[in-house]
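Data first, discussion second: the structure below is written as structure tokens.
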Amino acid sequence: MIPRADPRAPSPSTGLWRRVGAPTELLAGLFFMALAALGLWLLRDVRLGTAMRMGPGFLPTSVCYGLLLFGLIMAGRSLVTAGPPLARWHLRPLGVVLGSLLVFAVGIQRLGLFVTTLLAVAVAALATPESRWREVVVIAVALAAFSTVLFVRALGLPIPAWPPVSWAQVF
Amino acid sequence: MDLAANLMLGFEVALSPINLVYCLVGVLVGTLIGVLPGIGPIATISMLLPITFHLPPVSALIMLAGIYYGAQYGGSTTAILVNLPGEASSVVTCIDGYQMARQGRAGPALAVAALGSLFAGCVATLMLAAFAQPLASAALLFGPAEYFSLMAFGLVLAIVLAQGSLVPAFAMIAVGLLLGLAGSDVTTGADRLTFGLIELSEGVDFVPLAMGLYAIPEIVKNLEQPEQRSVLRERIQGLWPTADDFRRAWPATLRGTGIGSALGILPGSGSMLAAFSAYMVEKQVSRRPEEFGQGAVEGVAAPESANNAHAQTSFIPLLSLGIPPNAVMALMAGAMTIQGIQPGPQVMSAKPDLFWGMIASMWIGNVMLVVINLPLIRIWVALLKVPYRLLYIAILVFCCVGVYSLHNSTFDIVLLIVFSLVGYAFAKWKLDPAPLVLAFILGPMIEENLRRALLVSNGDPTVFLSRPLSLAFLLAALGMIVLFTLPKVKQRRDAALQE
Numbered sequence: 211m212i213p214r215a216d217p218r219a220p221s222p223s224t225g226l227w228r229r230v231g232a233p234t235e236l237l238a239g240l241f242f243m244a245l246a247a248l249g250l251w252l253l254r255d256v257r258l259g260t261a262m263r264m265g266p267g268f269l270p271t272s273v274c275y276g277l278l279l280f281g282l283i284m285a286g287r288s289l290v291t292a293g294p295p296l297a298r299w300h301l302r303p304l305g306v307v308l309g310s311l312l313v314f315a316v317g318i319q320r321l322g323l324f325v326t327t328l329l330a331v332a333v334a335a336l337a338t339p340e341s342r343w344r345e346v347v348v349i350a351v352a353l354a355a356f357s358t359v360l361f362v363r364a365l366g367l368p369i370p371a372w373p374p375v376s377w378a379q380v381f
Numbered sequence: 013m014d015l016a017a018n019l020m021l022g023f024e025v026a027l028s029p030i031n032l033v034y035c036l037v038g039v040l041v042g043t044l045i046g047v048l049p050g051i052g053p054i055a056t057i058s059m060l061l062p063i064t065f066h067l068p069p070v071s072a073l074i075m076l077a078g079i080y081y082g083a084q085y086g087g088s089t090t091a092i093l094v095n096l097p098g099e100a101s102s103v104v105t106c107i108d109g110y111q112m113a114r115q116g117r118a119g120p121a122l123a124v125a126a127l128g129s130l131f132a133g134c135v136a137t138l139m140l141a142a143f144a145q146p147l148a149s150a151a152l153l154f155g156p157a158e159y160f161s162l163m164a165f166g167l168v169l170a171i172v173l174a175q176g177s178l179v180p181a182f183a184m185i186a187v188g189l190l191l192g193l194a195g196s197d198v199t200t201g202a203d204r205l206t207f208g209l210i211e212l213s214e215g216v217d218f219v220p221l222a223m224g225l226y227a228i229p230e231i232v233k234n235l236e237q238p239e240q241r242s243v244l245r246e247r248i249q250g251l252w253p254t255a256d257d258f259r260r261a262w263p264a265t266l267r268g269t270g271i272g273s274a275l276g277i278l279p280g281s282g283s284m285l286a287a288f289s290a291y292m293v294e295k296q297v298s299r300r301p302e303e304f305g306q307g308a309v310e311g312v313a314a315p316e317s318a319n320n321a322h323a324q325t326s327f328i329p330l331l332s333l334g335i336p337p338n339a340v341m342a343l344m345a346g347a348m349t350i351q352g353i354q355p356g357p358q359v360m361s362a363k364p365d366l367f368w369g370m371i372a373s374m375w376i377g378n379v380m381l382v383v384i385n386l387p388l389i390r391i392w393v394a395l396l397k398v399p400y401r402l403l404y405i406a407i408l409v410f411c412c413v414g415v416y417s418l419h420n421s422t423f424d425i426v427l428l429i430v431f432s433l434v435g436y437a438f439a440k441w442k443l444d445p446a447p448l449v450l451a452f453i454l455g456p457m458i459e460e461n462l463r464r465a466l467l468v469s470n471g472d473p474t475v476f477l478s479r480p481l482s483l484a485f486l487l488a489a490l491g492m493i494v495l496f497t498l499p500k501v502k503q504r505r506d507a508a509l510q511e
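Residue numbers (the numbering used here), protein chains in the order written: chain A, 211 to 381; chain B, 13 to 511.
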């Protein structure tokens, strides 16, 4: 009998997915198989060597085959056993949090720590509807000042604190 | 040198003003994150790794250790007062601790938890001091074959004790090994799994990996559900437990300390397992099992002493064998590597000040925790009112600056983004990242010892079976896998690991 997926599960529980007993395990298994395939492709030119004098590719390649096998077992097993339905991915907090990391990565060398922190905080605040803009302004300035003082002044890290004098260097 | 002389050296190091300050900072930060639900020691230590880069090795490790055992103290405060586990290992304390608080006995519950933790911490640290040295001397005689088999055994233990089923844990080990092996090969200099990127030729950096798998997914998961916290209204009155509390709590503390210390040495066991086991044992031996769940003082004393003892003894395999038994110890191993110290049996003889200084600092830190924290409980409770919508922004900024400051390279932040995405997927797929992190740390060492062992034996793979100690480790590993695939044991394990 095919186990019934949780009707409230908002994820792709349509058609094909409903037939799969353990969709979570199937996805994880496929992910591991893809990772193993990627590894094998990257290692295609690395010398394997022999067991006595192992080349640099021996252990990683063996591990890739192992990973392929484990992924295959998981994917195969997921078709015949029952498992939990797919958990919902909350794209807003995920996307916004990763987005603010990206803003920081792009900004830090061009705009300096202070301005970049302000921007990253502004983006990060979008992650939850609970944010209040007055609070966000206060915490943005506080964090920008605190991290500039702590990391640049106190710890003396070679991070630019301010944007360069000429705006031409920013772009 | 004998134990006393070593300890003298340790206290000399730990009592230096700068190390006292870092110990205090560590236990305060530990208590803070222990109190705050939604941020745990793994995420915090991964966030602070970049900062330790700029500290002397002893101070860095003293501080990180303080965060770990400090969090075990702080977690109980939230569990008792708010019925929320501030720390995963305090889940069990919620059951009876919160009931005690509702009966107006929050003060005694907090005191029993703190004193039990102090006792457990001191005893377990003594065990660490006593056992680590003989273990390390024995390990110094290991050849590459023994080392390889020992690490294989460690990884297998991490697999069988991980949450969920065995095959995914094997897969996570494989992913961790691949990530650990990426970069140029030590012997030949050949690039492996680097996508041709120069930034990866030194290998994958540990900090973005740990932060990406733990800290960032934790933030996103916390943002998914609206915040609910109910802070206890009643004032905390009277900290001191009654004579009856003492009479009932001390045997429970003793048993909890024993269970926690024993489990701490096992690779793969989290402190949650220790707390849970101690609680179950208490319930079984008690003459009044019906009181459990209704505010039994043993139900607070046992798990709290167990998780603290566990936090201390889990340093034994790391400091004596170089094998991290759980994710936090893997982070400690990472911190040592960042400082240029290769974890292993040679640490104790090559850097006695580091080893004994850390041990001595644990006693000092445990005393600090009780002396400082009991009077400060009101402040910690007040901190619980800091809303998460402010907290996560600060955590995020700290992660960004920390990762960037490692090499002043934006590449590390890109790496962080990639691992965060993977870490979130793992969380949604119910895959425990602990085996991955352990394998990442052990990967290079496993490869080195495997290759050396085969080189020495002229390519004869039976070297792992012909040396008795190596064979024993491999048989033990095999035995574990067989044991945990038996349906009956598997069921009990699943029940024990259930949150």
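Backbone N, C-alpha and C define an ideal beta-carbon position, used for all residues, glycine too.
Contacts of residue i in chain B (Cβ-Cβ under 7 Å)
i	result
S310(A)	L408
P303(A)	V232, L235, E236
A334(A)	I405, L408
R273(A)	The sequence as given places Val at residue 273(A); Arg does not occur at that position. The contacting residues are A186, L189, L190.
G281(A)	A183
Cross-chain neighbours of residue i in chain A, by beta carbon under 9 Å
i	result
G155(B)	In chain order: nothing, as chain A lies at least about 17 Å away.
Beta-bridge partners of residue i, as assigned by DSSP
i	result
G195(B)	R204(B)
M264(A)	G259(A)
Cβ separation of residue i and residue j, assumed to be a contact under 8 Å, to the nearest whole Å
i	j	result
N31(B)	V70(B)	6 Å
P49(B)	G98(B)	5 Å
P374(A)	N420(B)	Not confirmed; about 16 Å, so no contact.
L253(A)	C274(A)	7 Å
P336(B)	L450(B)	6 Å
G249(A)	P266(A)	Their Cβ separation, rounded to whole angstroms, is 13 Å, which puts G249(A) and P266(A) out of contact at 8 Å.
G311(B)	I107(B)	6 Å
V179(B)	I493(B)	Not a contact, Cβ separation roughly 11 Å.
Under 8 Å by beta carbon: chain A residues contacting residue i
i	result
F462(B)	The residue asked about is misnamed: residue 462(B) is Leu in this sequence, not Phe. The contacting residues are M264, L269.
S432(B)	V307, L308, L311
G471(B)	T260, A261, M262, R263
P49(B)	What P49(B) touches in chain A: nothing, since even the nearest Cβ is about 16 Å away.
V468(B)	Those within 8 Å of V468(B) in chain A number zero; the least Cβ separation is about 10 Å.
Under 7 Å from the C-beta of residue i: neighbouring residues of chain E
i	result
E211(B)	Looking at the structure shown, chain E is missing, and the protein chains on hand are A and B.
Chain-ordered chain B contacts of residue i [CB-CB under 8 Å]
i	result
G249(A)	L190, L205
V359(A)	By Cβ distance, chain B contributes nothing, its closest Cβ being about 12 Å from V359(A), past 8 Å.
A330(A)	L408, V409, C412
R344(A)	What R344(A) touches in chain B: nothing, since even the nearest Cβ is about 12 Å away.
Residue i: contacting residues in chain A (beta-carbon distance under 7 Å)
i	result
D197(B)	P266
A170(B)	Per Cβ cutoff of 7 Å: no residues; A170(B) is ~15 Å from chain A at best.
H7(B)	Residue 7(B) lies beyond the stretch modelled for chain B, which goes from 13 to 511, so this question has no answer here.
R401(B)	T338, E340, S341
Y34(B)	The premise fails here: Y34(B) is roughly 14 Å from chain A at the closest Cβ pair, so nothing lies under 7 Å.
I371(B)	Going along chain A, no residue has its Cβ under 7 Å from I371(B), so there is no contact; the nearest lies around 28 Å.
Partner residues on chain B for residue i, Cβ-Cβ distance less than 9 Å
i	result
W299(A)	Y436, A437, K440
L289(A)	Within chain B, no residue comes near L289(A); the closest Cβ sits about 14 Å away, beyond 9 Å.
Take every Cβ of the region 271-280 of chain B, pair it with every Cβ of the region 77-92 of chain B, and state whether three or more of those distances are shorter than 8 Å. no
Between the region 167-175 of chain B and the region 306-325 of chain B, can you find at least three pairs of beta-carbon atoms closer than 8 Å? Taking 8 Å as the limit for Cβ pairs, the verdict is that the region 167-175 of chain B does not touch the region 306-325 of chain B.
If you scan the region 314-378 of chain B from start to end, which runs of the alpha helix (DSSP H) of 4 or more residues do you find wholly inside it? Complete alpha helix (DSSP H) runs here, min 4: 327-333, 339-350, 358-362.
With a threshold of 8 Å, are at least 3 pairs of Cβ atoms found where one atom belongs to the region 308-322 of chain B and the other to the region 88-106 of chain B? yes
Check whether the region 177-196 of chain B touches the region 471-481 of chain B, counting contact only when three or more Cβ pairs, one atom from each stretch, lie closer than 8 Å. no
Using 8 Å as the threshold, is the region 457-464 of chain B in touch with the region 204-216 of chain B, meaning 3 or more CB pairs across them? In short, these stretches do not touch, since the Cβ pair count stays below three.
Residue ranges of each alpha helix (DSSP H) run of no fewer than 4 residues wholly in the region 395-426 of chain B, ordered along the chain? Unbroken alpha helix (DSSP H) runs of no fewer than 4 residues, entirely contained in the region 395-426 of chain B, are found at 400-419, following chain order.
Examine the Cβ distances between the region 105-122 of chain B and the region 339-351 of chain B and report whether three or more of them are shorter than 8 Å. Taking 8 Å as the limit for Cβ pairs, the verdict is that the region 339-351 of chain B does not touch the region 105-122 of chain B.
Taking 8 Å as the cut-off, does the region 304-319 of chain A touch the region 330-344 of chain A (at least 3 CB pairs, one atom from each stretch)? yes
May I have a chain-ordered list of the alpha helix (DSSP H) segments no shorter than 4 residues that lie completely inside the region 20-76 of chain B? 29-47, 53-64
Evaluate contact between the region 437-444 of chain B and the region 262-271 of chain B, counting only Cβ atoms and requiring at least three cross-stretch pairs below 8 Å. no
Can you list, in chain order, the stretches of the alpha helix (DSSP H) that have 4 or more residues and sit fully within the region 82-156 of chain B? 103-114, 118-152
Does the region 357-376 of chain B come into contact with the region 21-36 of chain B, if we say contact requires no fewer than three beta-carbon pairs (one atom in each stretch) closer than 8 Å? yes
Report yes or no: do the region 236-244 of chain A and the region 273-288 of chain A share at least 3 C-beta pairs separated by less than 8 Å? They touch, by the three-pair rule.
Looking at C-beta atoms only, is the number of pairs between the region 344-353 of chain A and the region 444-459 of chain B that lie closer than 8 Å three or more? Contact between the region 344-353 of chain A and the region 444-459 of chain B is absent, because fewer than three Cβ pairs lie under 8 Å.
Counting Cβ pairs, one atom from each stretch, are 3 or more of them under 8 Å apart for the region 145-162 of chain B and the region 350-368 of chain B? Verdict: yes, contact present.
State whether the region 136-147 of chain B contacts the region 403-414 of chain B, with contact taken as three or more CB pairs (one from each stretch) at a distance under 8 Å. Two segments are said to touch when three or more pairs of C-beta atoms, one from each, lie closer than 8 Å; by this definition the region 136-147 of chain B does not touch the region 403-414 of chain B.
Quick one: any contact between the region 50-58 of chain B and the region 220-234 of chain B, if contact means 3 or more CB pairs under 8 Å? Result yes; three or more Cβ-Cβ pairs closer than 8 Å.
Report yes or no: do the region 398-406 of chain B and the region 54-61 of chain B share at least 3 C-beta pairs separated by less than 8 Å? no
I want to know whether the region 291-305 of chain B touches the region 117-136 of chain B - three or more CB-CB distances under 8 Å. No: fewer than three Cβ pairs fall under 8 Å.
Tell me the start and end of each unbroken alpha helix (DSSP H) in the region 273-297 of chain A that is at least 4 residues and wholly inside, in chain order. none
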